[in-house]
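Each residue of the sequence shown is one higher than the one before, starting from 89 at the first, in the numbering used here.
Even for Gly, the Cβ is constructed at its ideal location relative to N, Cα and C.
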Amino acid sequence: MEELRKKQQSYEMTDAMKNFINGISSKGTEILYFLKWMRIHLDNLSRQNRSGLKDKYKEIQQNKSEKKEMTDVDNQKQYLFDLNRQNPDCSLGLEHFLRELGQLYESACYLPEESPQWKQIKHLPGLCAQMLLDGFSVELVDGDASNIPLKWISAVLTQLHTIVSSNSKIRVVTVIGVQSTGKSTLLNTMFGVQFAVSSGRCTRGAFMQLIKVNKDLKEELKCDFIMVIDTEGLKSLELAKLEDSYEHDNELATLVVGLSDFTIINISMENSTEMKDILQIVVHAFLRMKEVGKKPICHFVHQNVSDMSAHDNNMRAREELLEQLNEMTQAAARMENKANITKFTDVMVYDPNTSSSYIPGLWYGTPPMAPVNAGYSEAVNDLKKSLIQGFRKCQKTENVLNFMIWTKSLWESVKFENFIFSFRNSLVADAYTRLCTDYNSWEWAFQKEMYSWIMCAETNISNFGLTGQTTTPYTIHHMQCDLEREASEKLSLEEEKILDNLAKYFESNDGHVSLVEKYREDFVASAKTLRRETENKLKDTLYAVVKIKEGMAKLNEIKTSHANTLEKKVIALLQTCRQKKSDLSNEDLREEFEKMWEETLSEINFSGFPRRDVTQVAFHVLGRHFSTRGGHVNNMMIENNLVDCGNEPFVVKSGCWWCMAKGLVKHGDLDHQKKKLQNFCDNIIKNCQEYITQKVQNKSDFHDTYINELLEIIDETLQKKKRKVNEECEVSLKLHICGIAAREFQKMHDHFNTVNDPRKCLEQSKSKYMMDFIDMFHERDQCQKKADDFTKLCLKPAVRDYVTKMIGPDVVDEMRKGKASENFSTRVFFQFSILKQLLTEGRYDKYKQYISNYEQFVKKWLFDHIVIQLSNESTLEKLEKTHLTEIVRIITDAIVKVRNTTTTNTDIKTFIQNLCSALGDKLVLPKDALDSIMTLNYSEKTDQFADNLTEFVEEMEQTLEVKYIHETDITERLRSLPFKPQDKMFTSLFGCGEVCPFCSAPCEAGGKEHSKHFTSIHRPQGVTGWRNRETKVLVSNICSSSVISDLKFKTPLNKDQYHPLKDYQKYYPEWKIAGDSSIEASDYWKYVMATFNERIAEDWDALPAVIPEDWKDLESEDAMKSLKGSFNVKD
89 MEELRKKQQS YEMTDAMKNF INGISSKGTE ILYFLKWMRI HLDNLSRQNR SGLKDKYKEI
149 QQNKSEKKEM TDVDNQKQYL FDLNRQNPDC SLGLEHFLRE LGQLYESACY LPEESPQWKQ
209 IKHLPGLCAQ MLLDGFSVEL VDGDASNIPL KWISAVLTQL HTIVSSNSKI RVVTVIGVQS
269 TGKSTLLNTM FGVQFAVSSG RCTRGAFMQL IKVNKDLKEE LKCDFIMVID TEGLKSLELA
329 KLEDSYEHDN ELATLVVGLS DFTIINISME NSTEMKDILQ IVVHAFLRMK EVGKKPICHF
389 VHQNVSDMSA HDNNMRAREE LLEQLNEMTQ AAARMENKAN ITKFTDVMVY DPNTSSSYIP
449 GLWYGTPPMA PVNAGYSEAV NDLKKSLIQG FRKCQKTENV LNFMIWTKSL WESVKFENFI
509 FSFRNSLVAD AYTRLCTDYN SWEWAFQKEM YSWIMCAETN ISNFGLTGQT TTPYTIHHMQ
569 CDLEREASEK LSLEEEKILD NLAKYFESND GHVSLVEKYR EDFVASAKTL RRETENKLKD
629 TLYAVVKIKE GMAKLNEIKT SHANTLEKKV IALLQTCRQK KSDLSNEDLR EEFEKMWEET
689 LSEINFSGFP RRDVTQVAFH VLGRHFSTRG GHVNNMMIEN NLVDCGNEPF VVKSGCWWCM
749 AKGLVKHGDL DHQKKKLQNF CDNIIKNCQE YITQKVQNKS DFHDTYINEL LEIIDETLQK
809 KKRKVNEECE VSLKLHICGI AAREFQKMHD HFNTVNDPRK CLEQSKSKYM MDFIDMFHER
869 DQCQKKADDF TKLCLKPAVR DYVTKMIGPD VVDEMRKGKA SENFSTRVFF QFSILKQLLT
929 EGRYDKYKQY ISNYEQFVKK WLFDHIVIQL SNESTLEKLE KTHLTEIVRI ITDAIVKVRN
989 TTTTNTDIKT FIQNLCSALG DKLVLPKDAL DSIMTLNYSE KTDQFADNLT EFVEEMEQTL
1049 EVKYIHETDI TERLRSLPFK PQDKMFTSLF GCGEVCPFCS APCEAGGKEH SKHFTSIHRP
1109 QGVTGWRNRE TKVLVSNICS SSVISDLKFK TPLNKDQYHP LKDYQKYYPE WKIAGDSSIE
1169 ASDYWKYVMA TFNERIAEDW DALPAVIPED WKDLESEDAM KSLKGSFNVK D
């Protein structure tokens, strides 16, 4: 803004303005004649211009039907459109000259006091103040820019305050209504003022006029002056086609009502719906004022009423209007957490019986020859009496200076309401927020249900053929097909639930849903995208689990064959020893067993499991991945040995980010582009390393799908961020990551082969075989021992695995519903919590991470707070105990069920097989341990085994409870979870996770498939490295003002070509930034920018920004106050 003012100062004052200033500087009656004649001549000039436009418009319309060619018709339509736009601009009035005075004064305010230019200008507010006292209207809101020149208006009102003495009190009367409903005529008739109506022009902006109160009425009205404010018509035809017309109407309505003591709502007929939208935003604005010191009187005026008994006949209509107003108030109060406000009359003085007036038409018949309707004046006089009565009910009057302060505060509050005003009204914002909240809960229910389903499906696949009971030709591929079909049906059901909930939401009797009807398809698309993405992930997961199961089949077959051989040898040895008919000691039995063991091992051919070269596998997968690329990629693959890739930190060789016009860069030199790309690639590497670590921790064997999944993670990240790195960087990055993965997966594969070596596995089971052999020879009862082994070796690890898998969704629920849940209930509270902590800590490195690596920072922040939350009151232990109790109950119930269905001839081995089948969709039982327990297990004492097993299961529960209590490292326990709570919470709280391309402020739109990204509070662009091209100085502009300025930025497509910031949507069409030059950065980000200016400049290799003096005076307390105000958080 300061730069724009300096640019204004560079121009000389025009002759017309010099003459105008000389004219209004006249004394006595001379100025009155000057202004009167000037108005007459300007009105005549405006009529001539408008008449010429009308003639051209009429001529085009008459010739329109004669033009048949489409090109001519289109040209005519465009010409008519241009004429319509010229119509309001062709008028010239006193307000334009007064507006220019304001612009001259505003630009001069940036000059030194001793400047000649300032001395020439500084007396203008006094002249304008005197014009107010003389009965002339002064423009309060610029009708073209929709802006209040605060310095100018403040100076005028300050001079007025000085002239009329500091004790003078004022009352403010405002009128708002739809365009061309006779608002100005009403005020002129009521107060004898002269708001412009004679030139055929409609009012633009808002005008104020001062009326001096007679001495005999001062005591009754409790004021010295009445300030009358006339406004332009709302829903004007000129603005209707503009995208931001609702925002303009809402800002204007909020401002004038906020300023007034008595607000006249002017309606041209009994239909109240034409003003409903405006009233909604007005109610919400009052709830968010920082100084709610006013409670204006609201009076409805229904004009052009032919039947003067309408007041009596429309009693029910007035009651319905009040009900609607109360409904709007309640909705706005819910958004602001103000439970004490439930009625319209809580924020405005309104009585449906006395606060409505019915006024007949001004003319009898058709003007201009029609006589004036005397009933109009009588009805207006009655309205004036109501106004005087209303003044008696008004709150304490204010002087001119307080009115000026209130105007400034109100305007800043109105302009700050960026998010609310981007919707049609407060009910739209309220309905949209509730819809987002409801949709998030539906989406989470969908995700939780499908996670539970996939856990069950994975368990079924892992347990396929576990007990060897399958007799049908049903293969694991049959199971995969069945599960995919079941998944599709389940997904359709869950998707239908979301769509049904959306349909019910929009079909409900709640009258607000129609206000967000335009967003319906966005949420429907989000639901369908959620289903599609989930289905793809489910299919990939099922495929990977089946492939891993198949990979284990050969190894399990070898182990089973060896175990069967040994079991037969032990049974044969047992029969041999029993046939000796002599008592053999345990030592004798051990000797016999040792002989048999060595003989058997020598007979078995231990071929082992072949060792795979993971590096070679990864290279082949990469080859297939790049098979459709050109020869340059193939050459890079040939030149790089995957064994050598990933040994050193990844270094970006080229600074070129994109191969398409999607992105913008903040600097003209490649070093900064290179640094940004390096950070981006480092984040991808970190994400991939987390995936690799998770796979290695599973201690399973390597499978080719792991490399494919890694490549998918990389591609998804590139696509998600809409950043296409050049081909050389992409190939180098994938080679680097696959090199790291190949080494880690090779270690995992080698360790797996070592642990699962068939000979070693047999050797580890040697002592068990020997003890079973000795017990069977002495015919000892094995029930208790087998039950103990089955519990410790099979059930216990399976139960721990089950609890670990199921705890993730519960952690999310705990964060959403537990203590401090308000921090995670909405995006507003979540952002507030993060920024509050950053301010409290006051560490630049944290701010840097938050701004430059937003997603990673928030995930870590979430993870840290999850750890804190779960550390309180043993929350994690309680969640673990809940699932432990649940699965123990399931196991106990299964034991009882199998016991009741077991026949008398069933042995323990069959009992265990049946029990495993009953638990097959809940627990993944370790096959090696299970096979070992079922070997040499022929006892038929199943009842005793069931009793023993039940006791050991109860002991297991107690042991695990104690173990969970003593496991104090919550961080490690959370990291071991396959379901990452921080990732899910991040998605639900941020939706798309996109950030502003200029200042990195996060997108606030709901759902994943919204058509536009937007944010309500932008930051100074310098915090993200934006700088002036020539001076290299960081800029302090914010996006809202930059996108309507003449500033330019550079894209990497043409290193020397700069583009206007106004054209940002050509490069970021998915972003919408509301342009407004009057909006300043919040004190919070001013404080951050001023505090860390040197550090930011150093990081971006730029010069420190030129920080305004008022920014330097800010303290952390001011920043906190601003933060609370921005997010409407009360102490």
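Could you please give the first and the last residue of the uninterrupted alpha helix (DSSP H) stretch that includes residue i?
i, result
"Met296", "Taken as a continuous stretch (DSSP letters only), Met296 belongs to no alpha helix (DSSP H), being part of the beta strand (DSSP E) at Ala294 to Lys300."
"Asn354", "Element bounds for Asn354: not the alpha helix (DSSP H) but the beta strand (DSSP E), Phe350 to Ile355."
"Cys569", "Ile564 to Glu595"
"Phe951", "Tyr942 to Ser959"
"Thr1112", "Per DSSP, Thr1112 belongs to no alpha helix (DSSP H) and is neither H nor E."
"Val1041", "Thr1030 to His1054"
"Tyr1175", "Asp1171 to Thr1179"
"Phe833", "Glu815 to Val843"
"Leu1018", "Lys1015 to Met1022"
"Val900", "Lys884 to Lys905"
"Val984", "Thr963 to Thr989"
"Tyr1155", "Tyr1152 to Tyr1155"
"Leu220", "Leu212 to Leu221"
"Glu680", "Asn674 to Glu691"
So, is residue i buried or exposed, given that buried needs 16 or more other C-beta atoms within 10 angstroms?
i, result
"Val389", "buried"
"Lys378", "Any reading at Lys378 is ruled out, since the residue's pLDDT is 33, under 50, leaving its predicted position unreliable."
"Thr495", "buried"
"Asn911", "buried"
"Cys569", "exposed"
"Asn107", "exposed"
"Ser1064", "exposed"
"Thr622", "buried"
"Gly190", "buried"
"Gln704", "exposed"
"Val984", "exposed"
"His81", "This structure does not reach residue 81, given that the chain is present from 89 up to 1219, and the question cannot be answered."
Would you kindly report the start and end of the unbroken beta strand (DSSP E) that includes residue i?
i, result
"Ser445", "Ser444 to Ile447"
"Gly265", "Lys257 to Gly265"
"Glu1082", "Run containing Glu1082: none; DSSP gives neither H nor E here."
"Pro1148", "Tyr1146 to Pro1148"
Alpha carbon to alpha carbon, how far is residue i from residue j?
i, j, result
"Trp206", "Tyr193", "8 Å"
"Glu582", "Tyr593", "17 Å"
"Tyr1146", "Lys1174", "28 Å"
"His839", "Leu626", "29 Å"
"Asn693", "Leu850", "13 Å"
"Val604", "Trp499", "27 Å"
"Arg512", "Ser234", "Because Arg512 carries a pLDDT of 37, less than 50, the predicted location of this residue cannot be relied on, and the following value inherits that uncertainty. Rounded to whole angstroms, Arg512 to Ser234 spans 17 Å at the Cα level."
"Val772", "Leu806", "Per the sequence shown, residue 772 should be read as Ile rather than Val. Going from the Cα of Ile772 to the Cα of Leu806 covers about 9 Å."
"His720", "Leu823", "14 Å"
"Phe1040", "Thr716", "59 Å"
"Asn506", "Thr1059", "Residue placement at Asn506 cannot be trusted, given a pLDDT of 42 that sits under 50; what the coordinates show is reported in the next sentence. So the alpha carbons of these two residues sit roughly 40 Å apart."
"Ser253", "Val488", "9 Å"
"Trp685", "Lys1068", "47 Å"
"Trp451", "Val345", "29 Å"
"Asn735", "Glu832", "12 Å"
Checking the sheet assignment: what are the DSSP bridge partners for residue i?
i, result
"Met315", "Val260 and Leu298"
"Ile385", "Phe350 and Val437"
"Asp230", "Asn235"
"Phe279", "In DSSP, Phe279 forms no bridge with anything."
"Trp1159", "His1101"
"Glu486", "Ile258"
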